[in-house]
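In our numbering, the protein residues as written are 1 to 136.
Ideal Cβ positions, reconstructed from N, Cα and C, are used throughout, including at glycine.
Keep in mind it's a predicted model, so treat the numbers as computed, not measured.
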């Protein structure tokens, strides 16, 4: 887990630990992000190259999502600030009505020389790959 302080904290035994299947909402009220509850946290992803970084399954419908990426980190955000936000077709988005999985470099890496570099030099190629796999 990578908070904005630049510390890399282990998730084992915390409300941020999703290494075994756990409903996202099961511990959402145990996580305080500023003035609201919910997840808005960056995870360090082990390994390199294209690899599975997240798997999500809806227990009721059986819908499943796998996210594969080549980035070293992933942000999890749970719609903490949605509050009857009007969306497409007039649909109202409720707090926690969705979640985002955003693969990326380490946040604030330019100010932390111990983190993998995010600087792209002339002639270098930057490649950010993500693959979403859905099943039913």
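| Item | Value |
| --- | --- |
| For residue 30, which of helix, strand or coil comes out of DSSP? | helix |
| Got a sec, what are the start and stop residues for the beta strand (DSSP E) residue 75 sits in? | 73 to 77 |
| State yes or no: is the C-beta of residue 45 within less than 9 Å of the C-beta of residue 31? | no |
| Sorry if obvious, but does the Cβ on residue 38 come closer than 8 Å to a heavy atom of the ligand GTP? | Summarising the ligand content, the structure contains no ligands, and the ligand GTP is consequently not present. |
| Could you have a look at residue 86 and say whether DSSP puts it in helix, strand or coil? | strand |
| Buried or exposed for residue 74, going by 16 or more other Cβ atoms inside 10 Å? | buried |
| Measuring alpha carbon to alpha carbon, tell me which of 6, 123, 28 and 48 ends up nearest residue 14. | 28 |
| Using CA atoms only, rank isn't needed, just tell me which of 43, 35 and 6 is closest to residue 17. | 43 |
| What residues in its chain sit with their C-beta under 8 Å from that of residue 39, if we drop five residues either side in the sequence? | 16, 24, 28, 31, 33, 76, 77, 78, 80 and 99 |
| Going by C-alpha distance, which of 117, 103 and 122 is nearest residue 53? | 103 |
| Under the rule that 16 or more other beta-carbon atoms within 10 Å means buried, what is residue 113, buried or exposed? | exposed |
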